[in-house]
Amino acid sequence: MAANNEILIIGPPGTGKTTFLAQLYGRLLDKKGKLQLASAPENIDGIKNAYDRLTDGEETESTPYTDNLEVKIPVIHEGQEFVLLCKDYGGEQVRDLVALMEYDKTWIDRAKTNDRWILFIRPAEIEQRFDLSKKGFAEKDQKESNSSIFGTSDQSQFIELVQVLLHARGTGMKDLIDTPRLLIALTCWDELRTDSTPEEILQQKMPLFTQFIAANWLPGGFKIIGVSAQEFPLKTEENRDKYLDEMPQNFGYLVLDDNPKEKDLTRLIEKALAL
Ligand SMILES: Nc1nc2c(ncn2[C@@H]2O[C@H](COP(=O)(O)OP(=O)(O)OP(=O)(O)O)[C@@H](O)[C@H]2O)c(=O)[nH]1
Ligand SMILES: [Mg+2]
1 MAANNEILII
11 GPPGTGKTTF
21 LAQLYGRLLD
31 KKGKLQLASA
41 PENIDGIKNA
51 YDRLTDGEET
61 ESTPYTDNLE
71 VKIPVIHEGQ
81 EFVLLCKDYG
91 GEQVRDLVAL
101 MEYDKTWIDR
111 AKTNDRWILF
121 IRPAEIEQRF
131 DLSKKGFAEK
141 DQKESNSSIF
151 GTSDQSQFIE
161 LVQVLLHARG
171 TGMKDLIDTP
181 RLLIALTCWD
191 ELRTDSTPEE
201 ILQQKMPLFT
211 QFIAANWLPG
221 GFKIIGVSAQ
231 EFPLKTEENR
241 DKYLDEMPQN
251 FGYLVLDDNP
261 KEKDLTRLIE
271 KALAL
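Going by full-length UniProt numbering, 245 is the number at position 245 of the sequence shown; the sequence numbering is gapless.
Here it is in structure tokens:
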């Protein structure tokens, strides 16, 4: 089945959705990447604000719960012009999909109309409560538990999240899934300080989730990629100054299998479209 080019970024709060879109916008403006801006986009105020904050060396702000921004950016990719359609919304909505196990019309529409899903997971914040390989419960330090994305058992909740969205879309799980195509983006990659590949990190951090995806999707229908849209935290004066002195588009990278550090963030979209 041919999949359309509409992209849904799915991610709980604080996984870097807005930062990625702002950085992507900067790269498109710059016109040096694989995807380039074709003409001025209409109404991308939310992304533009986030981009302006980064230009000032400030972090993005958490997107309000009720925000539902359609991002429509006309782009050129390999000589072909098309409108890149992404959505930015408050990640708390995603947390509620799992917590309440229910979805509204907005999420039914999102799940149905977008044939390409990019799932944002911030592995540094995934809590490993029970580690079979260590045959016991992992040590839980206070800092880690506070930053947990979902609360108890993050990886099983990511499984539930995918199941809820497949249900909203009306996609059964009796046959291997072809569409939606699924790009799993491991975000804030810089926080991991690792030489491992994205596949290895997902397997290490979320073995059950990795197995769930591999068991339900066609082998070519999903992919795992590392993303550091910001490259480092903007918590210190020194780091903020780097953003002030150079432009935000000089920072950020992807981790692909074929190139350990790819500076062209637009290739994340290319990867999602190639699935
Ligand atoms: N170290 C590091 N921090 C990042 C990166 N990307 C985003 N962050 C930080 O992560 C935090 C959350 O980023 P956002 O882009 O606002 O996350 P979001 O997914 O849009 O969150 P909601 O709007 O609440 O759903 C911010 O403090 C960012 O500065 C990155 O690549 N590396
Ligand atoms: Mg946001």
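Heads up, the beta-carbon is just placed ideally off N, CA and C, and yes, glycines get one too. These numbers were taken from a predicted model, which means no experiment stands behind them.
Segment contact: the stretch 44 to 59 against the stretch 8 to 25, three or more CB-CB distances shorter than 8 Å; contact assigned. Looking at the DSSP output, Ser228 shares a beta bridge with Tyr253.
For Ala168, the CB contacts under 7 Å within the same chain, skipping 5 residues up- and downstream, are Tyr103, Trp107, Ile108 and Ala111 in chain order. Following the DSSP letters along the chain, one finds Tyr89 inside the beta strand (DSSP E) bounded by residues Gln80 to Tyr89. When DSSP states are grouped into helix, strand and coil, Lys174 belongs to the coil group. Contact holds between the stretch 224 to 240 and the stretch 188 to 201, because three or more Cβ pairs, one in each stretch, are under 8 Å apart.
In its chain, beyond the 5 residues on either side, Leu176, Ile177 and Asp178 have a beta carbon closer than 7 Å to the beta carbon of Leu218.
About 7 Å separates the CB atoms of Leu166 and Met173; that is less than 8 Å, so the two are in contact.
When Leu35, Asn216, Leu29 and Glu92 are compared, the shortest CA-CA separation from Gly79 is found for Leu35. A check of alpha carbon separations from Ala38 across Asn4, Gly46, Asp45 and Leu29 identifies Leu29 as the nearest. Excluding the 5 residues flanking it on each side, Gly170 has same chain C-beta neighbours closer than 8 Å at Lys112, in chain order. In this structure, Ala272 keeps its C-beta atom at 8 Å or more from the C-beta atom of Ile44.
The C-alpha of Leu192 lies about 17 Å from the C-alpha of Phe20. It is roughly 34 Å from the alpha-carbon of Thr197 to the alpha-carbon of Asp67. Burial check for Leu208: the Cβ neighbour count within 10 Å stays below 16, so the residue is exposed. Counting along the chain, Arg53 sits inside the alpha helix (DSSP H) bounded by residues Asp45 to Thr55. Straight across, the Cα-Cα distance linking Asp88 with Val162 is about 18 Å. In chain order, Glu160 and Val164 place their CB closer than 8 Å to the CB of Met101, counting only its own chain and leaving out the 5 sequence neighbours on each side.
Here Thr60 has Thr18, Thr19, Ala22, Ala50, Arg53 and Leu54 as same chain residues with Cβ atoms under 8 Å from its own Cβ, once five neighbours each way along the sequence are excluded. Pro41 and Ile73 have their alpha carbons spaced roughly 5 Å apart. Residue pairing for Pro74: DSSP places it in a beta bridge opposite Val83.
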